[in-house]
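Input: a single structure, listed below in structure tokens.
In this note's numbering, the protein residues as written are 15 to 145.
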């Protein structure tokens, strides 16, 4: 459900962008209308429209006059690139800093990541599968 700490329009934008990033909404596919979102989340249609307009401003949705809003070309890739950057800043930078404090080499850090990644079933590289 929606939380009270974040403005509603930002939560709407986040929900729709997550659907795009997760591949649930694909390029060229119709996005939910502000009225549909208003009904679904029991909010004012203007609030939902503000969230959708934020995604238009970010180039993730495109408005087709008289038809509606659609997922823009390249939207998913832009979201994934931005997500990787956020992930790197939030998790990788502090991990590398701590590894340096512990005197670990890059090879040791990579080995540790592979060890823990394999334990949770994460592939060692794209296209590979852990047994």
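Beta carbons: idealized from backbone N, C-alpha and C, even for Gly.
Check: On the DSSP letters alone, give me the boundaries of the alpha helix (DSSP H) that residue 95 sits inside.; Outcome: 89-101
Check: Kindly indicate which three-state DSSP category residue 41 falls into: helix, strand or coil?; Outcome: coil
Check: Given a cut-off of 8 Å, decide if residue 84 and residue 52 are closer than it, judged by their beta-carbon atoms.; Outcome: no
Check: Using DSSP's beta-bridge definition, name the partner residues of residue 83.; Outcome: 77
Check: Applying the 10 Å Cβ sphere with the 16-neighbour rule, what's the burial state of residue 31?; Outcome: buried
Check: Can you check which of these residues, 122, 138, 134 and 93, is closest to residue 37 by C-alpha distance?; Outcome: 93
Check: Rounded to a whole number of angstroms, what is the C-alpha to C-alpha distance between residue 61 and residue 23?; Outcome: 5 Å
Check: Name the residue from 65, 99 and 76 whose alpha carbon lies nearest to the alpha carbon of residue 29.; Outcome: 65
Check: Does the beta-carbon distance from residue 59 to residue 67 come in below 8 Å?; Outcome: no
Check: Give a yes or no on whether the C-beta atoms belonging to residue 97 and residue 27 are separated by under 8 Å.; Outcome: no
Check: Just how far apart, CA to CA, sit residue 77 and residue 70?; Outcome: 7 Å
Check: Grab the span of the alpha helix (DSSP H) containing residue 18 for me, first residue to last.; Outcome: Looking at the DSSP string, residue 18 is not in any alpha helix (DSSP H), and its letter there is neither H nor E.
Check: By how many angstroms is the C-alpha of residue 133 removed from the C-alpha of residue 43?; Outcome: 37 Å
Check: State buried or exposed for residue 54, treating a residue as buried only when at least 16 other CB atoms are found within 10 Å of its CB.; Outcome: exposed
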